[in-house]
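Single-structure report; data block below.
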Amino acid sequence: MEKHILNLEIYLTYGGDSKLAIRYKAPTLENRAKIAYLISRLPKTVTPEVSENSPITSPGEKKEILKRERPKFIGVIAQYPQELHKTYQQVDSLWFEFCELKLELNSVPADQNEDAYDLQKDILSVMEKFDSQKKVLDYYLEHKRVLPLASKKDFSNMNILQLDQKFKNLESLICRRKQTIVKMQNELPPDDDQNYRKKAAAVQRKIEQLQEYILDQEKIQELLSD
């Protein structure tokens, strides 16, 4: 859901149709795919700078040069503790990579469907990494707590079958934990309730545990891919 909300924000920020954003607001699988596709078809995601000395790609046509600007929605690095500075820089770098790919996609001729499809896959891959890292920054800004950044588990003694089974177990555990978090969030009392802080802290612990499971699963995926 968080990824879909972010994609909606990106779509609207860079000139997307607000009516379509409302139509595809619900985080269904189909709507997430629709918004991802609409982002890939936006005419521009950044304002390019064109220098008079830029090399030309065809007579009378100047090559677009991407202006390197830090996205405003991540704030400044001083807002975050030292341990999140690397994450901050990764988010900044991934956003710039997304913008570069988007400009490259814009320049693909209309009849080059295969090239466009490959670029769209690259864009979605970058956005998945971006979402994963930005989630850590957002969590800190909201709760002033740092989500786990790396798996602490050692899976090196497991064989492929054991790793595969562990991966599946974590998949099930992650799914259940997400459902539990949504239920707990829906049951939170008003902010002024005497039990609010206690219950909100319990939700935070579940979210942080969920992040640990996700990192464990990612680590196993890397081992299985080797």
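Here this note's numbering is used: the first residue of the sequence shown is 197, the next is one more, and so on.
Virtual Cβ for every residue (Gly too), placed ideally from N, Cα, C.
Determine the DSSP secondary structure at T224, reduced to helix, strand or coil.
coil
Are the Cβ atoms of I370 and I319 separated by less than 8 angstroms?
no
State whether the stretch 287-294 contacts the stretch 323-331, with contact taken as three or more CB pairs (one from each stretch) at a distance under 8 angstroms.
yes
Would you mind reading off the limits of the alpha helix (DSSP H) that contains K298?
281-302
Buried or exposed: where does V322 fall if 16 or more other Cβ atoms within 10 Å of its Cβ makes it buried?
buried
Determine the contact status of F351 and L359, defining contact as a CB-CB distance below 8 angstroms.
One thing to note: F351 has its Cβ within 8 angstroms of the Cβ of L359.
Can you tell me where the alpha helix (DSSP H) holding M380 begins and where it ends?
356-382
Determine the direct distance from the alpha carbon of N353 to that of L170, and round the result to whole angstroms.
The first residue shown for the chain is 197 and the last is 422, placing residue 170 beyond what the model contains.
Can you give me the start and stop residues for the alpha helix (DSSP H) that R219 sits inside?
Run containing R219: 214-219, per the alpha helix (DSSP H) assignment.
Whole angstroms are fine: how far does the CA of N227 sit from the CA of G271?
29 angstroms
Buried or exposed for D387, going by 16 or more other Cβ atoms inside 10 Å?
exposed
Output needed for L208: all residues of its chain with C-beta closer than 7 angstroms, excluding positions within five of it in sequence on either side, in chain order.
Taken in chain order, the residues that qualify are S214, A217.
Buried or exposed (CB count within 10 angstroms, at least 16 for buried), N203
buried
Could you tell me the alpha carbon to alpha carbon distance between P277 and D307, rounded to whole angstroms?
48 angstroms
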